[in-house]
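Counting the sequence shown from 1 gives a position; the numbering used here is that position plus 22.
Have a look at the structure below, then the notes.
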Amino acid sequence: MATLNEEIRAFIVESFLFGDTSRTPGDDDSLIENDVVDSTGILELVAFVEDNLGIPVADAEILPANFDSIAKLAAFVTSKRGGLQQDDAA
Numbered sequence: 023m024a025t026l027n028e029e030i031r032a033f034i035v036e037s038f039l040f041g042d043t044s045r046t047p048g049d050d051d052s053l054i055e056n057d058v059v060d061s062t063g064i065l066e067l068v069a070f071v072e073d074n075l076g077i078p079v080a081d082a083e084i085l086p087a088n089f090d091s092i093a094k095l096a097a098f099v100t101s102k103r104g105g106l107q108q109d110d111a112a
């Protein structure tokens, strides 16, 4: 089973890098500063979190602190799940 970080990374590679794994961001790389996502991309990440991970995202939570890297997004999702990683919840 893929880890949460791997699941997020796979979505980013397919949705924003069109499968180009040579530009795959590291866990702590800024998705915004490295031109992986723009403001529309952030909204796509929000939709991914809500639709694929089942986590509701309030407008006030759509911040770079939550969505600017794979690690930040994974930490946000984990905190919304009450501290449980996807593997822990299974």
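All C-beta atoms in this analysis are idealised placements derived from N, C-alpha and C, irrespective of residue type, glycine included.
Residue from Phe98, Ala80 and Ser37 with nearest C-alpha to valine 58: Checking every option, the nearest Cα to that of valine 58 belongs to Ser37.
Whole-Å CB distance - phenylalanine 89 paired with isoleucine 64, under 8 Å assumed: 5 Å
Endpoints, alpha helix (DSSP H) assigned at glutamate 29: Segment 26-38, the alpha helix (DSSP H) holding glutamate 29.
Reference isoleucine 77; option with closest CA among Gly41, Ser52 and Leu95: Leu95
Residues near arginine 19 in its chain [Cβ-Cβ closer than 7 Å; skip 5 each side]: Here the chain comprises residues numbered 23 to 112, so residue 19 is not present and cannot be evaluated.
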